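Student:
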Amino acid sequence: MKRVSIQRGATLIVVLIMLVLLTLVGTWAIRGSLTSLNIAMNTQAQALLQQASDAVFFNLENQTSDDLTLANMQIGDGMLAYVMRPENKGKELVFCIRGGDANSLSGSRNASVVYWEGTQIKNTQLGTIGFCSIDRKADFISGRSAVMTRVGIRAASAGQDWEHMLEGDDSEMSKTQKIQKVIVNVTSIIPNLSDSSANDIQGCLSNYTSFQDTVANNTMVSDCLKAKNVPYSNQEMEYTLRPVTGAS
35 MKRVSIQRGA TLIVVLIMLV LLTLVGTWAI RGSLTSLNIA MNTQAQALLQ
85 QASDAVFFNL ENQTSDDLTL ANMQIGDGML AYVMRPENKG KELVFCIRGG
135 DANSLSGSRN ASVVYWEGTQ IKNTQLGTIG FCSIDRKADF ISGRSAVMTR
185 VGIRAASAGQ DWEHMLEGDD SEMSKTQKIQ KVIVNVTSII PNLSDSSAND
235 IQGCLSNYTS FQDTVANNTM VSDCLKAKNV PYSNQEMEYT LRPVTGAS
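According to our numbering, the sequence shown is numbered sequentially starting from 35.
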């Protein structure tokens with residue numbers, strides 16, 4: 035009887051050890067699955083953000099390949115007309131890419147402007163229609179309300195003198211038109227994957243420029259989003275505006 039009791043006690047210990055091992059294996063398996071799921075979600079999120087930003091550049095380049103469309107952008111309330119005016123130097127014209135709009139970049143009437151005046155941010159000159167709002171479903175690029183895209187356009191800093199001229203050109207006799215450049219910044223975000231409040235994310239999109247102001251030494255849109263742990267993609271391209279040829 036005494037030997038049987040010892041054997042039963044040993045069996046209990048073995049069973050307990052097996053249960054502990056199975057629990058550990060199950061925990062490791064769950065953690066591994068969660069890690070794989072997070073990696074898959076991050077990969078999918080980055081793909082969505084990249085596609086959203088690429089689509090803006092593709093659309094813009096496709097539009098400006100047409101002489102008439104490019105000319106319209108440079109006159110009146112066209113987006114290029116606004117940013118190329120001398121009085122708007124240092125100002126960023128901001129658009130929200132809305133999935134329901136045929137063309138969100140149609141002109142400054144659909145935009146807002148943000149710029150630094152000393153160390154003070156200014157963002158009410160053209161109203162707030164151009165800033166994306168987390169609370170407006172129409173401000174997402176699709177009905178899934180997943181990705182939101184902010185586009186900022188500004189004039190590029192002046193380059194070297196006569197950089198547009200060919201070798202051998204004379205500065206007085208050259209017929210080459212003055213070359214103008216613009217910088218297009220595209221920032222796409224997935225706000226639903228962040229724990230930050232809608233107001234905090236909204237502040238990042240409307241209270242900062244996408245570029246560093248030498249006087250303000252400011253935080254940029256991307257810096258703000260990073261601090262708020264908002265998944266984002268930030269891309270920037272510099273374009274040289276080509277002369278528009280008239281119809282013969």
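Here a beta-carbon is modelled for each residue, glycine too, at the ideal position from N, C-alpha and C. Only a predicted model underlies this, so the values are computations on that prediction, with no experimental measurement involved.
1) Cα-Cα, which of Gln78, Thr162, Ala172 is closest to Gly134?
2) Once the 5 residues before and after Lys123 are set aside, which same chain residues still bring their CB inside 8 Å of it?
3) Alpha carbon to alpha carbon, what distance is there between Tyr242 and Lys262?
4) Between the segment 145 to 159 and the segment 213 to 223, do three or more beta carbon pairs fall short of 8 Å?
5) Starting from the C-beta of Val283, find all residues in its chain whose C-beta is less than 6 Å away, skip the five residues before and the five after it, and write them out in chain order.
6) So what's Leu127 in DSSP terms, helix, strand or just coil?
7) Can you give me the start and stop residues for the beta strand (DSSP E) that Asn106 sits inside?
8) Look at the alpha carbon of Val54 and the alpha carbon of Arg184, and state the distance between them as a whole number of angstroms.
9) By DSSP, does Gln159 sit in helix, in strand, or in coil?
10) Grab me the residues of Ser146's own chain with a C-beta within less than 7 Å of its C-beta, minus the 5 sequence neighbours each way, in chain order.
11) Once you ignore the five residues that flank Asp169 on each side, which residues in its own chain have a CB closer than 7 Å to its CB?
12) From which residue to which residue does the alpha helix (DSSP H) around Asn312 run?
13) Report the three-state DSSP secondary structure of Arg119 (helix, strand or coil).
14) How should Ile15 be labelled, buried or exposed, when 16 other C-beta atoms within 10 angstroms of its C-beta is the threshold for buried?
15) Where does Lys262 sit, in a helix, a strand or coil, going by DSSP?
16) Sorted by chain position, which residues of the same chain lie with C-beta nearer than 7 Å to Gly141's C-beta, five sequence neighbours on each side aside?
Tutor: Here's the rundown:
1) Numbered from 1 along the sequence shown, position 100 holds the residue referred to as residue 134. Comparing Cα positions, the closest option is Ala172.
2) In the sequence shown, counting from the first residue as 1, residue 123 sits at position 89. Excluding positions up to five away in sequence, the list reads Ala189.
3) The count along the sequence shown starts at 1 and reaches residue 262 at position 228. The count along the sequence shown starts at 1 and reaches residue 242 at position 208. When rounded, the distance between both Cα atoms is 14 Å.
4) Below 8 Å, too few C-beta pairs join the segment 145 to 159 and the segment 213 to 223 to call them touching: fewer than three.
5) Summary: the structure shown does not reach residue 283, with the chain confined to residues 35 through 282, and so no result is reported for it.
6) As a first step, residue 127 is located in the sequence shown; it is residue number 93 there, counting from the start. Looking at Leu127 - three-state DSSP - the assignment turns out to be strand.
7) Within the sequence shown, the letter at position 72 stands for residue 106. Asn106 -> not in any beta strand (DSSP E); alpha helix (DSSP H) instead, spanning 101 to 107.
8) Counted from its first residue, the sequence shown places residue 54 at position 20. Counted from its first residue, the sequence shown places residue 184 at position 150. The straight-line gap from Cα to Cα measures roughly 52 Å.
9) Along the sequence shown, read from residue 1 onward, the residue named residue 159 stands at position 125. It is coil, neither helix nor strand.
10) For this step, residue 146 is matched to residue 112 along the sequence shown. Hits under 7 Å: Val128, Asn157, Leu160, Gly161, Thr162, Ile163, Gly164, Phe165.
11) On the sequence shown, residue 169 is found 135 positions in, with the first residue counted as 1. These residues qualify, in order along the chain: Ala232.
12) Outside the displayed range of the chain (35 to 282) lies residue 312, so it cannot be described from this structure.
13) One-based indexing of the sequence shown puts residue 119 at position 85. Reduced to three states, the DSSP call for Arg119 is coil.
14) With the chain covering only 35 through 282, there is no way to say anything about residue 15.
15) For the purposes of this step, residue 262 is taken as the residue at position 228 of the sequence shown. In the structure shown, Lys262 sits in coil (DSSP, three-state: anything other than H, G, I, E or B).
16) Sequence index remark: in the sequence shown, residue 141 carries index 107 (1-based). Within the same chain, Asp111, Gly112, Met113 come within 7 Å of Gly141 by CB-CB distance, once the 5 residues on both sides are set aside.
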